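Taking it in order: structure first as structure tokens, then the write-up.
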Amino acid sequence: MPIKQAAPRQHHFMQITSQQIEEIRAGKIKTFEILFNAYYPRVKSFAFGMIKDQYEAEEIAQNVFLKLWSNREKLSSDNTLSSYIFTIVQNEVYDFFREKHYSLGYQEKMLSTPQNLQYEIDSEYNIKEIKSIVNRTLQNMPPQRRTIYQMSREQFLSNDEIAKTLGLSKRTVEKHISLALATIKKNLGDFLFWLFIFFIK
Numbered sequence: 023m024p025i026k027q028a029a030p031r032q033h034h035f036m037q038i039t040s041q042q043i044e045e046i047r048a049g050k051i052k053t054f055e056i057l058f059n060a061y062y063p064r065v066k067s068f069a070f071g072m073i074k075d076q077y078e079a080e081e082i083a084q085n086v087f088l089k090l091w092s093n094r095e096k097l098s099s100d101n102t103l104s105s106y107i108f109t110i111v112q113n114e115v116y117d118f119f120r121e122k123h124y125s126l127g128y129q130e131k132m133l134s135t136p137q138n139l140q141y142e143i144d145s146e147y148n149i150k151e152i153k154s155i156v157n158r159t160l161q162n163m164p165p166q167r168r169t170i171y172q173m174s175r176e177q178f179l180s181n182d183e184i185a186k187t188l189g190l191s192k193r194t195v196e197k198h199i200s201l202a203l204a205t206i207k208k209n210l211g212d213f214l215f216w217l218f219i220f221f222i223k
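Residues 23 to 223, numbered by this note's numbering, are exactly what the sequence shown covers, in order.
Set out below in structure tokens:
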């Protein structure tokens with residue numbers, strides 16, 4: 023069964039107001055960015071402390087915030103927000119140890135971006151510029167890494183399929199995808215990278 027204990031009380035964060043929580047519940051992605059920036063570093067650090075793997079800790083943190091956004095109507099006062107977030111983190115870490123693998127493939131579990139959310143993202147962020155940054159980043163990658171990334175994220179091929187097609191080991195494919203994503207994240211920043219991974223097609 024998933025771990026249900028609350029997170030340690032020693033975590034302290036920038037105050038998220040009741041008004042901001044209500045705005046997030048109403049689907050304001052720009053306000054969610056405030057929560058993301060307030061909690062993401064500690065969430066990632068907490069996950070890393072439990073699994074001792076930086077890459078996996080980042081993926082867990084990103085998935086935590088996807089779950090927060092998907093279940094934003096459950097958010098309540100800031101007095102219980104930290105415990106709620108870290109309960110999700112602990113459950114994600116539990117799943118990691120149970121399944122022994124994690125993937126950024128949460129896109130496959132998202133049916134589609136609701137129209138109102140797409141409008142919110144389009145009005146608050148320069149999607150064209152985000153895509154431009156990603157495209158420039160890809161153009162500056164080694165050709166093989168760029169090809170592997172595009173086969174994975176644009177053609178939706180599995181790592182096994184990519185490895186077989188290119189005559190590479192699965193581990194080599196995984197390494198190239200990891201490095202490509204890390205470079206894109208470096209150029210976008212944590213929150214815009216999160217938006218790009220889950221909501222920008």
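All residues carry an ideal CB built from backbone N, CA and C; glycine is no exception.
Remember, predicted model here, so these are calculated numbers, not experimental data.
- The segment 149–156 makes no contact with the segment 176–189, as fewer than three CB pairs between them are under 8 Å.
- For Tyr-62, the three-state secondary structure derived from DSSP is helix.
- If the five residues before and after Leu-179 are omitted, its C-beta is found closer than 8 Å to the C-beta atoms of Met-173, Thr-187, all from its own chain and listed in chain order.
- Between the alpha carbons of Val-115 and Ile-107 lies a distance of about 13 Å.
- Membership of Ile-149 in the alpha helix (DSSP H) is indicated by the continuous run 149–161.
- With contacts defined by Cβ atoms closer than 9 Å, Leu-57 and Ile-38 form a contacting pair.
- In terms of Cβ geometry, Glu-80 and Phe-213 do not form a close pair [threshold 9 Å].
- With respect to Ile-219, Ile-149 sits apart: the two C-beta atoms are not nearer than 9 Å.
- The three-state secondary structure of Gly-71, taken from DSSP, is helix.
- For Pro-165, the three-state secondary structure derived from DSSP is helix.
- Judged by DSSP in its simplified three-state form, Thr-194 adopts helix.
- Counted as a single uninterrupted DSSP element, the alpha helix (DSSP H) harbouring Leu-217 occupies residues 212–220.
- The straight-line gap separating the alpha-carbon atoms of Arg-47 and Leu-90 is approximately 10 Å.
- If you draw a straight line from the Cα of Asp-75 to the Cα of Gly-211, it is about 20 Å long.
- Assigned with DSSP and collapsed to three states, Lys-50 falls in coil, not helix or strand.
- For Glu-81, the uninterrupted alpha helix (DSSP H) segment begins and ends at 76–92.
- Look at Gln-140 here: in three-state DSSP terms it is helix.
- In the three-state reduction of the DSSP assignment, Phe-118 falls in the helix class.
- DSSP, read as helix, strand or coil, puts Ser-98 in coil.
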